[in-house]
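Asker:
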Amino acid sequence: MATLPKPKSLSLQAIRAESRNRDLEEKIRQENKRNTLVLILRFLTDNRYTSSYEKLAQECGMSLKEYDVCDNVFLGEVVSEFESFYEVKFGRKPKLVKKVSGKTSTLAKAESLFGGRSNALRDAGGREEKKTEYISGYAKARERREKGRQNLEKAKRQSEAIAKQQSGGTRGRAEGGDAAEAPDEGGDDFGMTISGTATGTAAPVNGHGESTSDGEESGDEFYNNFLLKPIPDMGSVELGELAAVITRDIYVKSPNVKWDDISGLGQAKQLLKEAVVFPHKFPHLFKGILSPWKGILLYGPPGTGKTMLAKAVATECRTTFFNISASSIISKWRGDSEKLVRVLFQLARYHAPSTIFFDEIDALMMARGGEGEHEASRRMKTELLMQMDGLASTQSDGKFVFVLTASNLPWELDSAMLRRLEKRIYVGLPEREARQTIIDGALREFKVEAEEGRIAGATDGYSGSDLFQLCKECAMRPLRRLLDRYYKGGESGDVKAELGPIEVEDVEEALKCCKSTGHGFKKEYEEFTKEYGS
Numbered sequence: 001m002a003t004l005p006k007p008k009s010l011s012l013q014a015i016r017a018e019s020r021n022r023d024l025e026e027k028i029r030q031e032n033k034r035n036t037l038v039l040i041l042r043f044l045t046d047n048r049y050t051s052s053y054e055k056l057a058q059e060c061g062m063s064l065k066e067y068d069v070c071d072n073v074f075l076g077e078v079v080s081e082f083e084s085f086y087e088v089k090f091g092r093k094p095k096l097v098k099k100v101s102g103k104t105s106t107l108a109k110a111e112s113l114f115g116g117r118s119n120a121l122r123d124a125g126g127r128e129e130k131k132t133e134y135i136s137g138y139a140k141a142r143e144r145r146e147k148g149r150q151n152l153e154k155a156k157r158q159s160e161a162i163a164k165q166q167s168g169g170t171r172g173r174a175e176g177g178d179a180a181e182a183p184d185e186g187g188d189d190f191g192m193t194i195s196g197t198a199t200g201t202a203a204p205v206n207g208h209g210e211s212t213s214d215g216e217e218s219g220d221e222f223y224n225n226f227l228l229k230p231i232p233d234m235g236s237v238e239l240g241e242l243a244a245v246i247t248r249d250i251y252v253k254s255p256n257v258k259w260d261d262i263s264g265l266g267q268a269k270q271l272l273k274e275a276v277v278f279p280h281k282f283p284h285l286f287k288g289i290l291s292p293w294k295g296i297l298l299y300g301p302p303g304t305g306k307t308m309l310a311k312a313v314a315t316e317c318r319t320t321f322f323n324i325s326a327s328s329i330i331s332k333w334r335g336d337s338e339k340l341v342r343v344l345f346q347l348a349r350y351h352a353p354s355t356i357f358f359d360e361i362d363a364l365m366m367a368r369g370g371e372g373e374h375e376a377s378r379r380m381k382t383e384l385l386m387q388m389d390g391l392a393s394t395q396s397d398g399k400f401v402f403v404l405t406a407s408n409l410p411w412e413l414d415s416a417m418l419r420r421l422e423k424r425i426y427v428g429l430p431e432r433e434a435r436q437t438i439i440d441g442a443l444r445e446f447k448v449e450a451e452e453g454r455i456a457g458a459t460d461g462y463s464g465s466d467l468f469q470l471c472k473e474c475a476m477r478p479l480r481r482l483l484d485r486y487y488k489g490g491e492s493g494d495v496k497a498e499l500g501p502i503e504v505e506d507v508e509e510a511l512k513c514c515k516s517t518g519h520g521f522k523k524e525y526e527e528f529t530k531e532y533g534s
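The sequence shown runs 1 to 534 under the UniProt record's numbering.
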């Protein structure tokens, strides 16, 4: 039997260090891009280019409500300092702009980038205005423009007053924000560093991308630095519009669900890490037959944590996350559903590494050939299967796309879809230990007089969602007693807004009215796991 060639000997520490360096370089590029966009957004706002600001903010998925420039930092000053640095270094002033002819104009190149989008829109007459409003939000911008002009004038007057106060001294530090550091006048280093602070937070964002912990970027830091790429050239105006629809389903904010927030489900979490987390950290190990899983199916009763696992993937795995539902890729227009599926995977490869999550996949991929199946539905299913089969070639180019699905009725899925979902994991009802962890977390702010373990022992067959509803019902009963005392006037004077403990009777009554919803189809899940589980 032929043996595989041994890979080069590399320690895990060296591989991880290389992965960290790669992440750090990408983080620096993202922060530089973000800083540039923030400077441009502030310049457009200060100069009342409201429509341009709205367009750019929509395309990059960022606004001045999230980030703003530091005190005494302006785009004009950055250009002036660059010109000074260039003149000192090369002995002549730089030439920043040039006059171009119509054939070589950047605008003409930009139009050709989108397959002649501008010409097509001009030829379409009335469609131009409709498309502009649809993608950029100009209609809403015009409605807010009059009100925003007053706010801009007020902000400009305030910034001018601050500039006059600080013009004679050193650059100050405003409360809650960091000022840009002035370069050393006696040194030869004319480099500039721009740092920003997220609005509403106290932690500064390092302009050099340096990590404050162990060198790895956390999920929250990933979303803080995340910039939505502009829509790529799709080849036609129609596909560009469909790409704009799919782009709205990309997570740009962290769901804020960590692995530790999910009790139990150790196998599911481990396989998801193998599919998304570890290949990014140790790419040298996941090659050939060890290439990461391309698709995973999470199935089980409702309320057991399948969607929570998807949110943890979106939070922790630092990939572009597409949250796709039936409404995302189903259209009433003939042929649009197949196009939406194709555009979805094109965007996923464009934003790679990326994760596509299909919740309730059985609603999209029921077995073909059933009674009453529509032709359009069959075409959409075929396109989805073809796109998933094409993932192997994209991975060879380093563009990894991972498909994560969830279903409560896995036996209704098409057999071809089951083959493409390489790992099929049963997410069952929580065991007693996991139930106790869920209950302790839900009632951590309350004093419970019931015997410890009483609720966990009496809730066999309850899902995680059922347990949360049960705990909520237990916690509502002390609140009801407090409100009864207030409205019935049973106490003189002011009633203290203090909730009492959760009594034994509260637990017993809650158990009577809150029943399990996850015990159905137990036999079907067992048979499916025995036949298809992996």
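Just so it is clear, CB atoms sit at the ideal spot from N, CA and C, and this is done for glycine as well. Model, not experiment: these values are computed from the prediction.
Would you tell me roughly how many angstroms separate the C-alpha atoms of R368 and S236, rounded to the nearest one?
Answerer: Distance between the alpha carbons of R368 and S236: 31 Å.
Asker: To which residues of the same chain is T394 closer than 8 Å at the C-beta, ignoring the five residues directly before and after it?
Answerer: Low per-residue confidence applies at T394: pLDDT is 48, beneath 50, and the placement is therefore not dependable, though the value from the model is reported in the following sentence. Result list for T394: R349, A352, F400, V401, in chain order.
Asker: What are the residues that DSSP puts in a beta bridge with L404?
Answerer: For L404, which the question treats as bridged, DSSP gives the partners I296, F357.
Asker: Enumerate in chain order the residues of its own chain whose CB-to-CB distance from A456 is below 7 Å, with the five nearest sequence positions on each side excluded.
Answerer: Contacts found: R432, R435, Q436, I439.
Asker: Decide if F90 is buried, meaning its Cβ has at least 16 other Cβ atoms within 10 Å, or exposed.
Answerer: Result: exposed.
Asker: For G461 versus G518, is the C-beta distance shorter than 8 Å?
Answerer: Their beta carbons are under 8 Å apart, which means G461 touches G518 by this criterion.
Asker: Does DSSP put N323 in a helix, in a strand, or in coil?
Answerer: Residue state, collapsed to three classes: strand.
Asker: Does DSSP put V448 in a helix, in a strand, or in coil?
Answerer: Reduced to three states, the DSSP call for V448 is strand.
Asker: Does the segment 314-333 come close enough to the segment 441-458 to have 3 or more Cβ pairs within less than 8 Å?
Answerer: No, because fewer than three Cβ pairs between the segment 314-333 and the segment 441-458 fall closer than 8 Å, the two stretches do not touch.
Asker: Count the other CB atoms within 10 Å of the CB of G471; is the residue buried (16 or more) or exposed (fewer)?
Answerer: Checking the displayed sequence, the identity of residue 471 turns out to be Cys instead of Gly. So C471 ends up on the buried side.
Asker: Consult DSSP for I231 and reduce its assignment to one of helix, strand or coil.
Answerer: Three-state DSSP puts I231 in coil, outside helix and strand.
Asker: Please name the residue, chosen from E26, L418, S337, that lies closest to R378 on a Cα-to-Cα basis.
Answerer: If we check each option's Cα against that of R378, S337 comes out closest.
Asker: Closest to V276 by CA distance: which of G264, S291, I262 is it?
Answerer: Ranking the options by Cα distance to V276, first place goes to S291.
Asker: For G295, which of K447, L385, N256, E373 has the nearest alpha-carbon?
Answerer: Nearest option by C-alpha distance: L385.
Asker: How about Y67 and V38: do their beta carbons lie closer than 8 Å?
Answerer: Taking 8 Å as the Cβ cut-off, Y67 and V38 qualify as a contacting pair.
Asker: If you run the structure through DSSP and keep just helix, strand and coil, what is S136?
Answerer: With a pLDDT of only 38 at S136, under the threshold of 50, the placement of this residue in the model should not be trusted, and no figure is reported.
Asker: Using the three-state DSSP reduction, which class does I262 fall into: helix, strand or coil?
Answerer: It is coil, neither helix nor strand.
Asker: Are the beta-carbon atoms belonging to V403 and K306 less than 8 Å from one another?
Answerer: No. Outside cutoff.
Asker: Name, in chain order, the residues that DSSP records as bridge partners for Y426.
Answerer: Y426 pairs with Y299.
Asker: Considering only their Cβ atoms, is the gap separating T405 from L297 smaller than 8 Å?
Answerer: In this structure, T405 lies closer than 8 Å to L297 by Cβ.
Asker: Across the segment 469-488 and the segment 525-533, are there enough close Cβ pairs to call them in contact, namely three or more that are closer than 8 Å?
Answerer: Cβ pair count under 8 Å is below three, so no.
Asker: Where does R92 land, buried or exposed, given buried means 16+ other C-beta within 10 angstroms?
Answerer: With fewer than 16 other Cβ atoms within 10 Å, it is exposed.
Asker: Could you compute how far the alpha carbon of S325 sits from the alpha carbon of E77?
Answerer: Their backbone Cα atoms lie some 46 Å apart in a straight line.
Asker: Just how far apart, CA to CA, sit L64 and Y223?
Answerer: Distance between the alpha carbons of L64 and Y223 is about 16 Å.
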